[in-house]
Amino acid sequence: MALKRVVGFVLLGLAVVTFFLYLSFPFLLSGTDKVFLLTASVYVLNKIFFYSSIYLLGKQFITKVGKYLPRWIEKPLLKFLKVQPVVKNK
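See the structure below:
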């Protein structure tokens with residue numbers, strides 16, 4: 002279980018790195034012919050890393066991140082994932 006979390010966080014880190022590459026490639030490669038191809042391939046890698054890390058980290062991670070989202074996004078997301086929101090008891 003611990004190895005699964007470590008791999009999930011490594012994939013999430015790779016997703017962050019590829020996200021910044023995705024944003025910077027159009028500026029870095031502006032003079033080449035393959036700007037679109039490289040940017041699209043980094044975008045696909047970003048999505049693969051991000052969604053596989055979310056899958057490995059599980060629904061608990063999504064509910065922790067979900068509380069920072071606006072209410073209109075949080076409700077459909079939690080309903081889609083069939084997860085109850087985390088409520089603090091007083």
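According to the working numbering, the stretch in the sequence shown is residues 2 to 91, in order. Yeah, the Cβ is synthetic: ideal placement off N, Cα and C, and Gly gets one too.
Classify residue i as helix, strand or coil using the three-state DSSP reduction.
i	result
G14	helix
L39	helix
G9	helix
P71	coil
T1	Lying before the first or after the last residue shown, residue 1 is absent from the chain, which here runs from 2 to 91.
Taking only beta-carbon atoms, is residue i less than 9 Å away from chain C?
i	result
Y52	This model lacks chain C altogether; it includes just one protein chain.
Anyone know if the C-beta pair for residue i and residue j falls short of 9 Å?
i	j	result
S42	L12	no
Among residues of its own chain, excluding the 5 on either side of residue i, which ones have a beta-carbon nearer than 7 Å to its beta-carbon?
i	result
T19	V43, L46, N47 and F50
I74	none
L39	F26 and L30
Out of the options, which one is the CA nearest neighbour of residue i?
i	options	result
L15	Y52, F26 and L39	Y52
V8	T40, Y56, P71 and P77	Y56
Suppose the cutoff is 8 Å on Cβ atoms and the five residues either side in sequence are ignored; what does the same chain contact list for residue i look like?
i	result
V36	F26, P27 and L30
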